[in-house]
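Remarks on the structure that follows.
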Amino acid sequence: MFIVMVAPECAPVAKVGGLGDVVHGLSKELGIRGHAVEIILPKYDCMRYDRIHGLTMSYQDLWVPFYGQWIHCDVHFGWVDGLKCFFIDPHSPQNFFNRGVFYGHQDDGARFAFFCRAALEFMLKANKHPEIIHCHDWQTGLVPVLLYEVYQHLGMRHPRVCYTLHNLGHQGHQGEHILRQVGLNPGALTTPDRLLDDHRPGTVNLMKGGIVYSNFVTTVSPTYAHEVRHTHLGMGLQRILNVHERKFGGILNGVDYNVWNPEVDTHIARRYSIATVQDKYENKTALRQRLWLRHEFKPIVSFVGRLDHQKGVHLVFEAVPYCLNHGCQFVLLGSSPHGHINGLFWQLKQRFNDHPDCHLEIGYDEDLAHLIYAGSDLILVPSEYEPCGLTQIIALKYGTVPVVRNTGGLADTVFDANYAPRPYHERNGYVFNDYNWTGLESALRRAIGLWYSYPQHFRELMINGMRCDYSWNHPGRHYLNIYDYIREP
Ligand code: ADP
36 MFIVMVAPEC APVAKVGGLG DVVHGLSKEL GIRGHAVEII LPKYDCMRYD RIHGLTMSYQ
96 DLWVPFYGQW IHCDVHFGWV DGLKCFFIDP HSPQNFFNRG VFYGHQDDGA RFAFFCRAAL
156 EFMLKANKHP EIIHCHDWQT GLVPVLLYEV YQHLGMRHPR VCYTLHNLGH QGHQGEHILR
216 QVGLNPGALT TPDRLLDDHR PGTVNLMKGG IVYSNFVTTV SPTYAHEVRH THLGMGLQRI
276 LNVHERKFGG ILNGVDYNVW NPEVDTHIAR RYSIATVQDK YENKTALRQR LWLRHEFKPI
336 VSFVGRLDHQ KGVHLVFEAV PYCLNHGCQF VLLGSSPHGH INGLFWQLKQ RFNDHPDCHL
396 EIGYDEDLAH LIYAGSDLIL VPSEYEPCGL TQIIALKYGT VPVVRNTGGL ADTVFDANYA
456 PRPYHERNGY VFNDYNWTGL ESALRRAIGL WYSYPQHFRE LMINGMRCDY SWNHPGRHYL
516 NIYDYIREP
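In structure tokens, the structure reads:
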């Protein structure tokens, strides 16, 4: 099968969060299974160009219609970890992708609406005839809309679209003008059964457009798929997801075990496996050395992730002093696009600046993330909601015990040591229900207690986690079944 991914991110060149990992990991898995995969991305100025090999001009003079004008683009080709990637580079006065950051601009709607139109124009002009176009999140929601409303009439009749929702917290709410900009007729499309937002009068919802116009819609875990249809976590999309329930399902993300695996990881101090799990502690020593923490008989509790409300940052904020007062060391790696959240964590960092058991690293550091997964004993993921969550899945592989909230993909991957209705050998962490400090404290206390009082049992939990298989093998098969189901007979 020929599959084209249209995505705003792909690890490791353009990664903000899990979406980038998923585009990379799923594409590799599909390639291993013998399918032809190509990825279309914006050519951001802030990409990791050192991770792109053989970057060359692939298509010159692509003219993309946008708001009654034609915008001149070049398309570059390069290999990213063996994946074929095309990068769209518009030469527009708006400088869409040369902003130094991936997201966070007033005109993000226009930037990615343009990207959708340009990706389709490129496929048309370059004579690409994929059987499947796989789109990701609100940024690419207009791809199936444009395909159906415009490009099938220009000859692109074959592709079917699979659309994956990575996070319903960002849906792409825009004014009607966004449709006009890409050459669509707002009159016909801004109806409740198409792109009109259910709760914001006069607002176009790009994710809703993707849901309505795609042949199949997935989200990134079975529990989240249920939550978004039946609870407030649908964030206004519950009705339309229920209307389209027959083409909607949840597939748990995988993790690329060539990258995230303590047996092969080149970023860590000492590699280890289940058989040599005691070698993990050399990474604990290395982590302490790197972050100037003292060497004492204590567990390291960590947090790695975006510092966003969704991630339960106020709970992390409380967890730091709690852990330090309860015999633990604390390591945090995270950054936030929100100035005030960053500011709060900078204050916390100053408060514990000289503390020998605490290090808060505010920023993005892929290398350090590997060492934290390998060197920690416990990792916190106290999210308010979590579509899938890769942090806990990666941590499991590294024998780092996750302490998570019972929501979304966290509920599908972490099973409580004391209370899970599962056999002991499948229990791999700690889970709490209530999204408040009492909830997190109850799980954290049990976890720290086990580390100190029953080290043998703690080690069993670690091993149970390391044994889990969250590779792309299963999800790869599920996605292929969907592609097969929707593609033209
Ligand atoms: P989300 O997609 O909501 O950000 P996920 O848990 O799905 O969350 O994916 C997060 C990914 O990003 C993981 O691979 C995690 O290790 C990585 N990550 C998040 N923040 C940082 C950071 N500050 N430095 C390095 N890696 C990070």
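Heads up: the sequence shown begins at 36 in this note's numbering, then just goes up one per residue.
Here a beta-carbon is modelled for each residue, glycine too, at the ideal position from N, C-alpha and C.
Grab me the residues of residue i's own chain with a C-beta within less than 8 Å of its C-beta, minus the 5 sequence neighbours each way, in chain order.
{"i": "TRP381", "result": "ILE397"}
{"i": "GLU419", "result": "HIS344, GLN345, LYS346, GLY347, ARG440, THR442, TYR470"}
{"i": "GLY139", "result": "PRO372"}
{"i": "LEU326", "result": "VAL366, HIS394, GLU396"}
{"i": "TRP114", "result": "ILE87, HIS88, GLY89, CYS120"}
In or out: residue i buried (at least 16 other Cβ within 10 Å) or exposed?
{"i": "LEU189", "result": "exposed"}
{"i": "SER488", "result": "exposed"}
{"i": "HIS375", "result": "exposed"}
{"i": "THR301", "result": "exposed"}
{"i": "ASN388", "result": "exposed"}
{"i": "HIS460", "result": "exposed"}
{"i": "PRO458", "result": "exposed"}
{"i": "ASP504", "result": "exposed"}
{"i": "TRP295", "result": "buried"}
{"i": "ALA145", "result": "buried"}
{"i": "TRP486", "result": "buried"}
{"i": "ALA310", "result": "exposed"}
{"i": "MET191", "result": "buried"}
{"i": "PRO194", "result": "buried"}
{"i": "GLN427", "result": "buried"}
{"i": "ASN516", "result": "exposed"}
{"i": "PRO456", "result": "exposed"}
{"i": "ASN130", "result": "exposed"}
Under DSSP, the beta strand (DSSP E) around residue i begins and ends at which residues?
{"i": "LYS119", "result": "118-125"}
{"i": "TYR94", "result": "88-101"}
{"i": "CYS358", "result": "Where CYS358 is concerned, there is no enclosing beta strand (DSSP E), although the alpha helix (DSSP H) it sits in stretches over 348-360."}
{"i": "ARG440", "result": "436-440"}
{"i": "CYS197", "result": "195-200"}
{"i": "ARG30", "result": "One cannot answer for residue 30 here, as it falls past the ends of the chain, which runs 36 to 524."}
{"i": "GLY340", "result": "335-341"}
{"i": "GLN364", "result": "364-370"}
{"i": "TYR465", "result": "465-467"}
Please work out which residues of its chain come closer than 6 Å, Cβ to Cβ, to residue i, disregarding the five sequence neighbours upstream and downstream, and give them in chain order.
{"i": "ALA409", "result": "PRO297, ILE303, ASN318, TYR433"}
{"i": "ARG502", "result": "none"}
{"i": "GLY66", "result": "VAL72"}
{"i": "GLU64", "result": "TRP507, GLY511"}
{"i": "HIS205", "result": "TRP173"}
{"i": "TYR525", "result": "Only positions 36 to 524 of the chain appear in the structure, and residue 525 is not among them; the question remains open."}
{"i": "ARG229", "result": "VAL247"}
{"i": "SER308", "result": "GLU298"}
Here's a check: name, in chain order, each residue in its chain whose Cβ is nearer than 7 Å to the Cβ of residue i, leaving out the five neighbours to either side.
{"i": "HIS513", "result": "ILE286"}
{"i": "ARG235", "result": "HIS208"}
{"i": "MET497", "result": "VAL312, GLY434, VAL436"}
{"i": "GLU156", "result": "LEU97, VAL99"}
{"i": "ILE407", "result": "LEU322, SER337, VAL339, VAL366, LEU368"}
{"i": "ASN162", "result": "none"}
{"i": "LEU383", "result": "PHE352, VAL355, LEU395"}
{"i": "VAL391", "result": "The displayed chain sequence assigns Pro, not Val, to residue 391. Hits under 7 Å: LEU328, ARG329."}
Mind checking which residues open and close the alpha helix (DSSP H) that includes residue i?
{"i": "HIS107", "result": "That residue, HIS107, is in no alpha helix (DSSP H); its beta strand (DSSP E) goes 104-115."}
{"i": "VAL185", "result": "Here VAL185 belongs to no alpha helix (DSSP H), and DSSP marks it neither H nor E."}
{"i": "ARG152", "result": "143-160"}
{"i": "VAL51", "result": "Neither: VAL51 is in no alpha helix (DSSP H) and is coded neither H nor E."}
{"i": "TYR518", "result": "508-521"}
{"i": "TYR259", "result": "257-265"}
{"i": "TYR487", "result": "472-488"}
{"i": "PRO242", "result": "This sequence places Met at residue 242; Pro is not what is there. Start and end: 241-248."}
{"i": "HIS31", "result": "Because residue 31 is not part of the residues shown, which for the chain are 36 to 524, the question remains open."}
{"i": "LEU415", "result": "No alpha helix (DSSP H) holds LEU415; the beta strand (DSSP E) holding it covers 413-416."}
{"i": "GLU211", "result": "That residue, GLU211, is in no alpha helix (DSSP H); it is neither H nor E in DSSP."}
{"i": "HIS321", "result": "Correcting the residue identity first, residue 321 is Ala in this sequence and not His. Run containing ALA321: 315-326, per the alpha helix (DSSP H) assignment."}
{"i": "THR448", "result": "443-448"}
{"i": "ILE286", "result": "No alpha helix (DSSP H) holds ILE286; DSSP gives it neither H nor E."}
{"i": "GLU73", "result": "From DSSP, GLU73 is part of no alpha helix (DSSP H) but of the beta strand (DSSP E) over 71-77."}
- Answer yes if the segment 64-79 comes into contact with the segment 40-47, meaning at least three C-beta pairs across the two stretches below 8 Å, and no otherwise. yes
- Item | Three CB pairs or more closer than 8 Å across the segment 358-367 and the segment 335-348 | Touching, yes, given that three or more Cβ pairs across the two stretches are closer than 8 Å.
- How about the segment 433-440 and the segment 465-476: do they share at least three Cβ pairs that are nearer than 8 Å? yes
- Message: Is it the case that the segment 501-514 contacts the segment 285-294, given that we only count it when at least three CB pairs across the two stretches are under 8 Å?
- Response: yes
- Three CB pairs or more closer than 8 Å across the segment 236-249 and the segment 401-417: no
- Inter-stretch contact at 8 Å, needing at least 3 Cβ pairs: the segment 213-231 / the segment 85-105: yes
- Query: Does the count of Cβ pairs from the segment 244-260 and the segment 181-197 closer than 8 Å reach three?
  - Reply: yes
- Message: Using 8 Å as the cut-off, can you tell me whether the segment 255-262 makes contact with the segment 221-237, which would need three or more C-beta pairs spanning the two stretches below that distance?
- Response: no
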